Each structure stands twice: as structure tokens, then as C-alpha cells.
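Chains as they are written, first to last, in our numbering: chain A, 974 to 1280; chain B, 974 to 1280; chain C, 91 to 601; chain D, 220 to 537. What follows is a single structure, written as C-alpha cells, with notes after it.
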Amino acid sequence: MREAGLIVIILALCIAMSFASPHFLTWGNFRAMLMSFSIEGIVVVGMTILLIVGGIDLSVGSVVCFSMVVSGALFLAGFDPWTASLIGIGVSALIGAAMGFFVTVIGLNHFITSLAAMVIVRGMCLVVTKGTPLSLFTLPPAFKAIGQGSFNNIPYVILIFVVVVAIFDFLLRRATAFRKVFYTGSNEKAAQFSGIRTKQVKFWVTVLCSTLAGLAGVIYMARFGAATPTFGAGMELNIIAAAVIGGASLNGGSGTIFGAILGMALLSVVTSSLILLDISVYWQDMIKGCILLAAVSIDHFLHRKKS
Amino acid sequence: MREAGLIVIILALCIAMSFASPHFLTWGNFRAMLMSFSIEGIVVVGMTILLIVGGIDLSVGSVVCFSMVVSGALFLAGFDPWTASLIGIGVSALIGAAMGFFVTVIGLNHFITSLAAMVIVRGMCLVVTKGTPLSLFTLPPAFKAIGQGSFNNIPYVILIFVVVVAIFDFLLRRATAFRKVFYTGSNEKAAQFSGIRTKQVKFWVTVLCSTLAGLAGVIYMARFGAATPTFGAGMELNIIAAAVIGGASLNGGSGTIFGAILGMALLSVVTSSLILLDISVYWQDMIKGCILLAAVSIDHFLHRKKS
Amino acid sequence: MIQAPILEIRGLSKAFGPVKALSDVQFELRRGEIHALCGENGAGKSTLMNMIAGVLQPDEGDILIDGQAVSIHSPATAQRLGVALVHQEIALCQDATVAENIYMAAINSRRAPLMNFQKLYADAQKVMNLLAPIPVRTRVADLSISNQQLVEIAKALTLDCKVLMLDEPTAALTEGEAKRLFSIVRGLRERGISVAYISHRMAEIFSLCDRVTVFRDGRYVATDPIAAVSPDDIVRKMVGREITQLYPDKLAPKEPGHLILSVEGLSDGRRFADVDLQLRAGEILGIGGLIGAGRSEIAQTICGLRPMASGTVALDGKRLRLRGYGDAVKAGLVYLSEDRKGSGVFLDLPIAANISALDLGRVTGPLGLLDRKAEDRQARELTGRLGVRMAGIEAAVSTLSGGNQQKVAIAKQLSVDPKVIIMDEPTRGIDVGAKVEIHRLLRQLAGSGVGVVVISSELPELIGLCDRVMVVHEGRIAGELAASELGEEAIIMLASGVQDSSNQRQAENVV
Amino acid sequence: ETPNPFKCEPGEKYVMNVMVSGVEYWFPVYEMFKQAGQQFGCETAYTGTPEYDVNKQIATFDQALAQKPAGILVHPMNSDPFIEPINRAIEQGTAVVTFAADSPNSKRVSYITSDNNAEGTYAADAVAKAMDGKGEYAVLENPGQDNHDKRVNAFVARMEAKWPDMKLVGRAASNQDPTKAYQAVLSLAQAHPDLGAVFMPEANSAIGAAQAAKEGGGKIRVMLADVNAKILDMIKAGEIFGSVNPDQGMQGYMGFMLLWMAKHPDLIDPMNDAKRSGFNPMSVPFVDNGFSIVSKDNADDFYWDKYLKRRGTKGIEE
Ligand SMILES: Nc1ncnc2c1ncn2[C@@H]1O[C@H](COP(=O)(O)OP(=O)(O)OP(=O)(O)O)[C@@H](O)[C@H]1O
Ligand SMILES: Nc1ncnc2c1ncn2[C@@H]1O[C@H](COP(=O)(O)OP(=O)(O)OP(=O)(O)O)[C@@H](O)[C@H]1O
Ligand SMILES: [Mg+2]
Ligand SMILES: [Mg+2]
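In C-alpha cells, the structure reads:
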């Protein structure tokens, strides 16, 4: 199993770190790491499913931002924050539907469609905010709690993340509807010859990915109490990297949610370790890249040996 | 032919623009557009060939920067600029070779390998420069001329670009060695069965792409008389977009240099038009993305009709 | 003095994980002979060929060429040693032209720095014409699967080799193309080239080959001169038992039941026109014709896999309005694709998931969740019935031999209890024993009231199995033959358009 | 009666040029640039690329140049790449003034900026004083961006020189990304439970950093440079300690003045060698536009949207 290799690598890193820094193996640090990737983790879920169907979405960073910005602007315009958030998520889903349209009806590929969407949606963020961050300082505490509160010392953000991951991991393994995603990504033609409406499948997965990005945007808004028009730029590469490290193939047909989350965790552990070890900022990027490369290589090696 | 559709679209845009703005059809504006994409165009050449073989390179922006930074640092350390540049290009080729190694020997995919390389090489730029731009004011005029001089009012940069494009376009269409690139990208197994050493092919194409990025870096250095550690960040998406608009497939097996350059030209004309039309910056990104999407859709439509 | 054989295999073994594909096998190919290699699906024939061609590496044992032990690490090495293989699965570069595919090896090894496309096209067209007049400037992706098979063979003919191995080259070819291939292969033999030939068609083996080697369960059984054995002997050695009746009994002439499938005036506006077809419960209808006649297109259009321009399709008297193939499946109309690898199976997915793909509803429990147990049960039952050789139902289909992949594709169709089943080259790559099983199964299905249509390029199959055969020529029904009229001559005449005068006229007009 | 000399010819146009043109830092600069232009009866325009890309910025600079404006107020993303374009502009008679970042080796007539070193130094003093000169601090960086690096370096240098008991315990790259800043501050707070302050040279990171500081119990003082509405709100709420904010308005207004003067050298009869040497007598090499310290008490005066509303202007869109 692909995941086993990643778990081994992550554990090895954690153990090494616990010797190097006494602060590493504390609940505080663990919580900090989890917090730092749990919202992005929701986006990873959608991206993984999209990769399985053979697509890709470069627009997620922009969509996260747009959902944030739209909800924020609506809130400032007098909507209650829950309605505003629902509309924000709805608008994200619409963006997904638009991309799905271009992919399935017009016949463009996911890469170029979502690249254009990335630019367009980022532009819309600018249009809505006029370039200035919206300060949502007045968000009611009940809403802010989504991003900042916790339950028995476990932040809601982490709970939401775990629930979303658990649900989609389960569905992806067990639900009939999601099985079609694998068929379509594995061999689209064979899926069509099995009576599967592959275009529909691709369409809905595209919508799902954007919707989850929208959800993430709303949670970010609750956490930061702000909506910044530049938020999430460059996020897509990190997210795709996590999914690919976790075993998703860019050619479609394979990938797991759990693996992708482990990929995300690996990236997070590395980043956090470098900071804890007080590595010079000039060296951080380089070391991070090297560890990443080494981890992926080792994982690949473990994986290959098994199969 | 894919290219015909793009030419039609670009011409249509230009004609529309020449009515909208008296400044559009001037040599000054034309020169500005050509200048703005001709060095990047050299990188596009390498990327297109890499896409044809089924690879992708996210590290080009970092490599452009590293080549610049290494050459610059060597020049400041007393090397003559020509030698320094050659070493810069050589180092870029080495980076390509390292990526090629991970792809062909270790067996990682191009995406994740080049993503790691992007981070690592960017880190190396920071390490070499300690984060501050190198001022290369003292570069001898003969060297600066590469980037800033012109011949009969045609900048050398544009001449170099045209020569590189012409050579590789010709080679890709006619050279036996480059046909293997198509075969490998189209069906690696089939190519292997015909005795083609597909790993070698992939390796050398990866090296070529980085080398051309290195060449671009050196020209940028001559043009700007500086080496900035953040240069070229985000360049990769633009470059891949150009190649894909020009007909290169992300699954390998198809693409042309000429098409990719037209893709680049389209992006450039759109950007330039928005500025000349004095469109509000808030709307620029959005309109740009929409035009891009429309252009790709129209192109796709023209193309589909023909075939 | 006896010359050393050109190719000799000694004590070769190969395992894929726990699966022993070959154990301690031997094989000997003499200069200038055509040597058949027989065995059931999964016996290890392709595995052996792949090792000789450098695609796979043996675990132990020797490969000797001209009496010299060699190690063949890669296809390139094999090529240098003069060994060439036509793979069982089509392996062509879809984006490249036919000509480039044909001469890919030559282009690779030649030193010329620049391509000479004029010469390439001219030479390639010459080679291609030996088999069929496929224009060589076409992209391979635009060819039908059987034409791709022809390109694959043409590719082998250009190789400058001493040993040519053909792995089921005729699996989807009709008589005409197969005959042309045989005369070419005989020509090669005259030139001293040695040929190893894998096929499940006994008739071919007896008309073409000099000797035959049989494998069973990954083990060597025997090698005999062809003159010294009968087809029954070979089958017995392959299967380990006697096969008494090759084809099941046909339907008594007056028995056909009610009309199940009725197609009228079907056209797609491009490849075929005015197709009428009636299928009655209990009968097996055959469809014959040459490659490119449009049989597959007709079948796919009936099932909603391609858009129709005009015409009607009625199932059980009710007119069908299909928005897509999914609707056809729901209505009980299923189609087995001739392109196994491209559209028949999901190579990377487990066998069980492949079989359940056609109707996931059957393995879905409450709440829309998959019922894994039901899925496994279904897979176990169907693979058992068809005798699929596999490590387990969780194994990826890509780990199966070609014939066993075909069985999985068939199992998928059978999983849904269809009303009408249209099978395009159903026994492509299936061994003799399994073929008998599948034929019996089809007959059983027909007997239970299912309408069965079999498209086949193998004339004996059409003749032996079907109650009635429709022959297609250039997109039109050229004629229909009742069981009593069936014969190779009759089918070929119709298929080539010789008999039907109206068609002939049309053909002239087209030209 | 002499006609008023401080007036533009018809069609005399002054352009401002920046990169990442959609972000609000530039807006007050342009606002005052525009106000000055209007007072002189000149046309003004706001140009630039929405991207963080020097190559694209130069393309927009070149395009602006192709329209032969009277002057360009440019923020060169990197200094040396602009030498050639700026010199080309000067040659064709377009005056060029750089602001907030310089291209010192070019022939630009003036450079106007706040003093990044002073900003960093001041920020360090403010933080250290609040901590009684004793404790641990960290910095978030954006390595490679010149003015940001200057602020950070000055901050650290000041601490070392003047506040020996202030200990630098960590540097992390946040690259203007709030999520990265958030993660970095959380990690830093884990490794250094006594962390008392964190400084970053821009506002984007601060949103994430402040949130992390808040979740860490509010012991960490967040200090930054630049402001936006969110930052101001947080300053007012006490979630952010303070900010040093360059006086963007002066940057724009004086930027215009410098351009206008450079374009009209004949207004004075120079009492030096300018005429002989061909030197522009109206060039002012360097102007410091100053900066403000934003704290709880004065934060209300820095809201951009309130300013726009009060003035009734359309900001960069006119
Ligand atoms: N990649 C693989 N992984 C696991 N098992 C494999 C693999 N390839 C082949 N096998 C197994 O090896 C055995 C021999 O397969 P092979 O393809 O050689 O059969 P074959 O004789 O060519 O059959 P057919 O007539 O169906 O083509 C089969 O049991 C098959 O499942
Ligand atoms: N570089 C190339 N460009 C175009 N076609 C090629 C190239 N290399 C090989 N071929 C094709 O492969 C075919 C076989 O090549 P090979 O060199 O074996 O042929 P040949 O008949 O010996 O040709 P000749 O001796 O005239 O070169 C040729 O007919 C040619 O069409
Ligand atoms: Mg086989
Ligand atoms: Mg067919």
C-alpha cells in the first residue's frame, strides 16, 4: 500500500525531529501543524478526486479567494454571515460548473480551462475588493468560532477537516457513484463502453473540486476575519504536489484521499521542522526541496519493491 | 493545421486593436510586445519539446533565474562575462541532467521532480545572492549589447529568438533524432519495441529544456544588467499555457514550436491590448482570462471542424 | 552435420510474483522454418516471446542464438541480434503516421540526420499495399482497430531480421488479409528467415507451419512435425483432455421465437446506410464481412454508442430512444467491443471491478454503497464459468494474458443478464478449449431466450455457430445466408461484393 | 500680469507605472499624484501589470513610453533591469522619477521614498521599548524583495546595536502569504514559548501572523510595515501592536512635482553650470517622503475607503 511508505517516512522525520528539538513532539506543535494544513486539506480532497478522473484544477487558489471575498463582501453588505457563506460556496460551485462546461461540452482540456479560470477568478477577486483586503472584524463570534474556536481543545477547523476527509475517503472507496470516477479516469473510452456517462462524471467532479475550494475559502474567512484579494495565489501547486506525493496519478485512474492527506502532512512536517531547527531562510527552500525529492524517491522505491 | 486558427485569431485581435487605439500598430508597440516575449519564447521552445515527449518542467523559471545569478556572481568574481555565461548555461544543463536522472533512473514523474527542482533551484538562487539582487552595471557594453543592442533597429534579442525558433522548428519537423521525441511521447512502449531508447530520449529532452532556460537566463542578464533572486517566479505557467494553446498536448505526442510561439504571441497581444485600451487594472485579469478562454475555444472549434 | 538451430531456449523460467508463468521450458527454432507455438490462454506463449524480444527478463534459463548464449536486456538488443516480434497487443504511436510507424525501427537505427518523408511514404506505401491499401499518411489514431493490426504486421515485414515472431497476428483479420499474410510469411521462409507463429486457429497452423510446440500451464509438452499430428492431437496436448464437439448443436429451423430486436433503415450518414436487421429469440445471428465493411459501426450505432442519422431500433417491439449507451444497457442491449485494450477493459483496475462496471446497480447496496461481497461473488462466478486464469479477482487486468483479458471483457457483458447481446469478435485470442465453452454458453443464452449477435472475421466460427449470417459489404447488407446455405465460398462472395450486382454498381460509382 | 506658469499644455500627460497594480499600496500614491496633476491641469494615468513580474512591468513601461508622455513616475520592481528603459525614456524627452524603489544607475531625475532603514529602526525601538528591552523576537521575511529586506535588516541591526537583551530566535520566509505566515508563527511559538514579538516588512503576512499570535494567547506583539483596513482594525482591537506606514500621499504628490519640474527646466534661470553641462537644473536627486507610526490612537485616520468616500473620488479609475 502506497500509504504505508509515506507513514514510515513521516514517522521517521518526526522521530528525527524529536531528538533535534524538544518542542517537536508536543500537542501544541502537533496542533499547530494540523491547523496549518487542515483547511488546505479540504481543497486537497477535491483535487485528488479530480486527478483520479484525469483532470486538474489550477484555479483552486483563486476560487478559495473568491469564495472568501464574495462571502465577505456580502456580509459587509448586510447579509448574515451564514447566508453569505452559503452564497460564496454556491458561487464557487458555479465556477466549477463553468469549467465543467468548457471541459465536457466545448472539449477543452482541464489544464488550459482551469488556467484561464485561475486568471479570471483572480481578476474577479480584484473587481469585488477593488484591491483592498476586506476587514471582517465585525463577524459575529459564533461564525468566527468555525475558524478560531475549539471543542475540548480540538479546534473546529481540525474537526471539520477530519470529517470531510473521512466522508470522502469512505465514499471514494465505497460509493457506487465514486467508482465511476475511477472508471472514467482509468480508461475513458472503456467507461463509455460500459454505459457510464463520462462527461457527466467529469462535470460533477469538477464542480465538487471547486465547491470544496469554496468551503475552504469560507473557513479561511472565519479564521482570519478578513478577505484578501491576493489570498491563495500559488496554492494550487502545493495542493497538486500533496496529491501526487500521496499516490495520485496525473494520468488519472489512481489516488486516495488518505494518501493525499499524508502528502500534505509530509510537506507540513518538513516546513515546520525547518523553522523549528532555525535554518537560515536562504537555505530553507533548498533543503525543503531536497527533502521532498528524497521522500518521494524513497516512497517510490518502497512502493516499487512491493509491487 | 492548428497554427492557422491561431494566426486568424491573432490577426483579428490586431485589426480590432488598430481601430481602438492609434498606438497599437506602431513599431514602438510592436517592438515592446516582441521584446516582452522573445526571451521567454526561447524557454517555450524547450518546454514544447519536453511536452511532446510527455514531460513537463515546472522549474524553468527557477533555472532561468539560477543561470542569471550564477553567471552574474561569476562575473562579479572576476570571470569574463562570456565564460561566466557559458558556465551559467552549463550549470542549467546540469540541473536538467539531475532532473533527467530522477525521471529516467529513479522513475519519478516529471511533474513532481521538476516541482522539487523548482523549489531547490530557487533556494540556490537565494543562497548565491543572499537575497539581494546582483548589480551587473559593469558588464562590458559588448556583452550588454546582446540584450540591449540592436541591428538596423531590430534588437538582437529578437534576432536570437527568431534564430532559435527557426532552428528548433526545423529540427523538430525534419530531424530524425527529434522524431524519436514524438514517438516516445506518443506511446513509450511502442517506441521501445522499435528499439528506441526512450529513457535516453527523455533524459536529453529534459536537459535541452533546462539548457534553453539557462540560455534565456543569460540573455535576460544582458538585457537587465542585473541578476535578481526572485526573477522568473511563476513564469512556468505562462510558458506551459503558451505551448498548450499552441497545440501541445499534456499527454505527449503532439505539439509544434511554431504553434507554441503563436500561443505566446496571443497572450502577449491580449496583455498589451488591455493596457493600451486603458482598461482598469481591476478588470484586466478578468478580461484577459476571458479572451484567453474564448480564443482557445474558437481555436479548438476551428481545429475540430477541420479534422 | 546438423546446423545449430537459429534460436534455442533452454530451461527457461519466469514468475510474476507468486504466479509461475513459465517453468523450465524449452523451444527450438530452426533456420527457415515456420514453427507454431500452441497452448491455452495463459500458458505462457506471449511471456516467452517477450523474453526473446527483450521486453521481459527471464528468472533463469538460457536463450541461444546461433548456438551462442545471449542476454537480451532490451528490445534494442533483440533488434541488433536480428530478433523481431509482432506483439499480441497493438503497440503503435497513435499520433504518428502509418508510414512512420511502419519504419520506426529503421528511422531509429539509420544515421541520416534528416528525414526524407517522400521516400518514407513511398516505401511504406509499397509495404502496406502487400497487405491492404491503407494510405500511409494517415494518423494511426484515425484507423480502425483491425487496420491497426495490419499496420502492426506491416511493421514487422520491414524489419531486417533473422527471427520473426508473430503473436496472434490474425486474431482480428478476415480470410483475405490472413491469406495475404501467409503468402508473405512463406516468402520470408524462402529467404531463410525463421518464423515463430502463435495462433489459436488450428486451420492456419496446419496450412502454414512446419512444426508445432505445445505448452501447457507454463510447461513444455511436446514438439512435433506438423505432418505427424492431427488437430485433435494438438488440442489434447494443450488442454489435457479430448474435445469432442467443436460447435454446439444449431437451432432447429422452425424454432425461432418472437422478434426481439428489429432495426430498420439505419444509417449513420458516413460509413453505412439502409441497414435492416431482425433478430428472433433463441437464434444466433452472425454478421460477416471484410475489414472496414462497417460491421462494428453498425453494431455500435444500434447500441447508442455512435450517433445515428436515420432509422429505428426496436427492442421487444418497443422503439428505443437512446441518449447514450447507458440507456441501451438499461434496456437490456449490450455490446462487446472488438478493441479489448482500448475500450473493453480497464487495464489498471482489478478484475472484479472490471466485471461489475457495466451495471453497478447489481452490486450496489442500500445508500448507494458498493456491496463488495456481491461484487466478489459475481466476479468469482463468472470467471469460474469462463475459466479465467488469474492470481485472484483483485489482480489488475493488465496482469492477465491476452485471452484471459478477453474472457474478462465477456464476463462483463454476461454480468447484466441482457436481452440482446452483440459481440464483436468475441473469441478474439481465445484458445480452442475456451472457445468451445464460450460457444456453448452463447447457445445456452440463446436457448434461454436471449438474442445473440456475433460479429466475426473467422469464417469457421460464423459457419459453425450461427443460425443465420448477414454479410456486410461497404456499409450495406449484401445478403443473408440461412444455416443450410452457409459456407466459406458463399460468405466470401457476398463480403467482397462479387455476388450482389447492385452493390457492385455502387462501388464503381464511388471509384 | 504674467500668465500662471504652473499649468500644463493641452495633452501633457503624466503616467504612474507599477507592478502588481491591483494591490492597494499604490492607490494613495496615485491619488495624490492625480490631485497634483489636476491642480496643474494635466492628464494622468495609472499603468502597470497585475503580475509580480519585472519582464511584464517593463513591457507596460515600454508601452506607456510609446505614447510619449511628459513624465513617468515608476516603481521599478528591480533596479538594474530598468536602467535601459529609463535611459531610453530620458532620451526621448520623457522625465522619469522613481518612487519607493530606485534604479540608481539610470538617468532618472529624482528618487522619492520613505527611509526603509528608518522604518525598520523605528519599529525595533517601539517593540523593544514595549518589552522593556528584554525578551525574544522573530522576523518573517520575503527574501529577495529589496525594500522588505532593508526593513528587516534594519530592524535586526537596531536590536543588536541598541537592545542587547533582545534575542533573535527565528527567521522564517513567509513570502507575503498569510497562510505561510500563520504556520510559521505557530511553529515559532512552539519552539520558543517565550517569544514576545514578531516583525514582518509588509501587511499580507501580518493577517496570518496576527491570527496565530492571537491563538497563541496574545503574548506575541505583531509589528509590521504598511497598513490596510484589516490591519487597522486589528491595531484598534489590540491584536496587532503597530505598523510603520510610509507616507504614500506625499510620495505621489511630490513625485508629480518632481516630474513636472524636471519637465519644465526653463522655469528658472539657473545660477550654476547647468546650462553649460546640459544638466537638468530642476532635478532633485533624492526626497524622503517620511512615514507614520500607526497605533491604536491614530489608526482611524488611515482607512483608504473612508478617504475615498470623503473625497468622492474614484481612486485609480480616473
Ligand atoms: N505482468 C504480469 N503480472 C502478473 N502475471 C502475469 C503478467 N503477465 C503475464 N502474467 C501471467 O503469466 C501467465 C502467462 O501469460 P501469457 O501472456 O504468456 O499467456 P499466453 O500463453 O500468451 O496466453 P494468451 O493465449 O491468452 O495470449 C498468465 O497466467 C498471466 O496471468
Ligand atoms: N531518416 C529517415 N527519413 C525518412 N524515412 C526513413 C528514415 N530512416 C529510415 N526511413 C525509412 O525506413 C525505410 C527503411 O530504411 P532502410 O534504411 O532499411 O531502407 P533501404 O531500403 O535500405 O533504403 P536506402 O538504402 O535507400 O536508404 C526506408 O525506406 C525509409 O523510407
Ligand atoms: Mg498471449
Ligand atoms: Mg470491426
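We put the CB at the ideal spot given by N, CA and C, even for glycine. Only a predicted model underlies this, so the values are computations on that prediction, with no experimental measurement involved.
- prompt: Looking at the structure shown, is K353 (chain D) part of a helix, part of a strand, or coil, going by DSSP?
  reply: coil
- prompt: By a C-beta neighbour count over all protein chains shown, 10 Å radius and 16 as the cutoff for buried, is I487 (chain D) buried or exposed?
  reply: Here I487 (chain D) is exposed: its Cβ has fewer than 16 other Cβ atoms, across all protein chains shown, within 10 Å.
field: Cβ-based neighbour list, V1189 (chain B), same chain, cut-off 6 Å, excluding 5 preceding and 5 following
entry: Sequence inspection shows Ala at residue 1189 (chain B); the Val mentioned does not correspond to that position. Cβ neighbours of A1189 (chain B) beyond the five flanking positions: I1012, I1015, V1016, V1037.
message: Closest to T1149 (chain B) by C-alpha separation, out of C:I377, C:P225, C:G432, C:I197, would be which residue?
response: C:I197
query: Mind checking P300 (chain D): buried by the 16 CB within 10 Å criterion, or exposed?
result: buried
- prompt: Is any heavy atom in ligand 1 found nearer than 7 Å to the beta carbon of R619 (chain C)?
  reply: Outside the shown range of chain C (91 to 601) lies residue 619 (chain C), about which nothing can therefore be said.
- request: Using the Cα positions of G1028 (chain A) and A94 (chain C), report the straight-line distance between them to the nearest angstrom.
  value: 56 Å
query: So is the beta-carbon of S289 (chain C) under 7 Å away from any non-hydrogen atom of ligand 1?
result: no
query: Going by the beta-carbon positions, is the gap between V1076 (chain A) and K1175 (chain A) smaller than 8 Å?
result: Yes, Cβ-Cβ distance for V1076 (chain A) and K1175 (chain A) is below 8 Å.
field: Distance between K275 (chain D) and K1103 (chain A) (C-alpha atoms, nearest Å)
entry: 21 Å
query: Hey, how far is the Cα of Q239 (chain C) from the Cα of P1054 (chain B)?
result: 57 Å
- prompt: Can you list, in chain order, the residues of the region 1099-1111 of chain B whose Cβ is nearer than 7 Å to any Cβ on chain D?
  reply: L1099, G1104, T1105, P1106, S1108, L1109, F1110
field: CB-CB length for P362 (chain D) against A320 (chain D), believed under 8 Å
entry: No, P362 (chain D) and A320 (chain D) are not in contact; Cβ-Cβ is about 16 Å, not under 8 Å.
- prompt: For the beta strand (DSSP E) that contains C128 (chain C), what are its first and last residues?
  reply: 124-129
task: Under the assumption that S1032 (chain A) contacts V1094 (chain A) (Cβ atoms under 8 Å), give the Cβ distance between them as a whole number of angstroms.
output: 6 Å
- request: Starting from the beta carbon of I426 (chain D), find every residue of chain A whose beta carbon is closer than 8 Å, and list them in chain order.
  value: Those within 8 Å of I426 (chain D) in chain A are P1106, F1197, A1199, T1201.
message: Taking the alpha carbon of L1067 (chain A) as the reference point, which residue from A:V1138, A:F1151, A:A1186 has its own alpha carbon closest?
response: A:A1186
task: Could you work out which residues of chain A lie near F436 (chain C), taking near to mean beta carbons separated by less than 9 Å?
output: F1155, Y1156, S1159, N1160, A1163, A1164, S1167, G1226
query: So which residues on chain C does R975 (chain A) lean against when the C-beta distance must stay under 9 Å?
result: By Cβ distance, chain C contributes nothing, its closest Cβ being about 14 Å from R975 (chain A), past 9 Å.
- prompt: Looking at the C-beta of S386 (chain C), does it have a partner C-beta in chain B at a distance below 8 Å?
  reply: no
field: Same chain only: Cβ atoms within 7 Å of I1212 (chain B), ignoring 5 sequence neighbours per side
entry: Answer for I1212 (chain B): E1013, V1016, V1017, M1020, V1033, listed in chain order.
task: Could you name the residues that DSSP lists as bridge partners for L375 (chain C)?
output: C:V543, C:R558, per the DSSP bridge assignment.
message: Any beta carbon from chain A within less than 8 Å of Y337 (chain C)'s own beta carbon?
response: Taking Cβ atoms only, chain A never reaches closer than 8 Å to Y337 (chain C), which makes this a no.
message: Is L490 (chain C) close to ligand 1? I mean its beta-carbon at under 7 Å from any heavy atom of the ligand.
response: Checking every heavy atom of ligand 1 against the Cβ of L490 (chain C), one is found closer than 7 Å.
query: At which residue ranges does the region 220-247 of chain D contain complete beta strand (DSSP E) runs of 3 or more residues, listed in the order of the chain?
result: 232-237
- prompt: When you compare each of B:T1171, B:V1254, B:Y1255, B:S1246 to I988 (chain B) by their alpha carbons, which one comes out closest?
  reply: Closest option to I988 (chain B), Cα to Cα, is B:S1246.
- prompt: Within 8 Å (strictly less), CB to CB, does T266 (chain D) reach chain B?
  reply: yes
query: If you compare alpha carbons, which of C:V498, C:I274, C:P148 is closest to L220 (chain C)?
result: With respect to the C-alpha of L220 (chain C), the residue from C:V498, C:I274, C:P148 having the closest C-alpha is C:I274.
message: With three or more beta-carbon pairs closer than 8 Å as the criterion, would you say the region 432-448 of chain D touches the region 405-420 of chain D?
response: yes
query: Cα separation between L387 (chain D) and F1003 (chain B)?
result: 52 Å
query: Going along the chain, which residues of its own chain have a beta-carbon closer than 8 Å to the beta-carbon of I980 (chain A), five neighbours each way excluded?
result: L1235
field: Listed by chain order, chain C residues near T1149 (chain B) by CB distance under 9 Å
entry: I197, N198, R200, R201, A202, P203, L204, M205
message: Between Y1129 (chain B) and chain D, is the shortest Cβ-Cβ distance under 8 Å, so that the two count as touching?
response: no
- request: Find the nearest neighbour of S1009 (chain A) within the set A:V1243, A:R1170, A:F1039, A:A1115, judged by alpha-carbon distance.
  value: Nearest in C-alpha terms to S1009 (chain A), of all of A:V1243, A:R1170, A:F1039, A:A1115, is A:V1243.
message: In this structure, how does DSSP classify R121 (chain C) when only helix, strand and coil are distinguished?
response: Here R121 (chain C) carries a coil assignment [DSSP, helix/strand/coil].
query: Ordered along the chain, which non-local residues of its own chain (more than five positions away) have a Cβ less than 7 Å from that of V600 (chain C)?
result: For V600 (chain C), the pLDDT reaches just 37, beneath the cut-off of 50, and the residue's location in the model is therefore unreliable, leaving the point undetermined.
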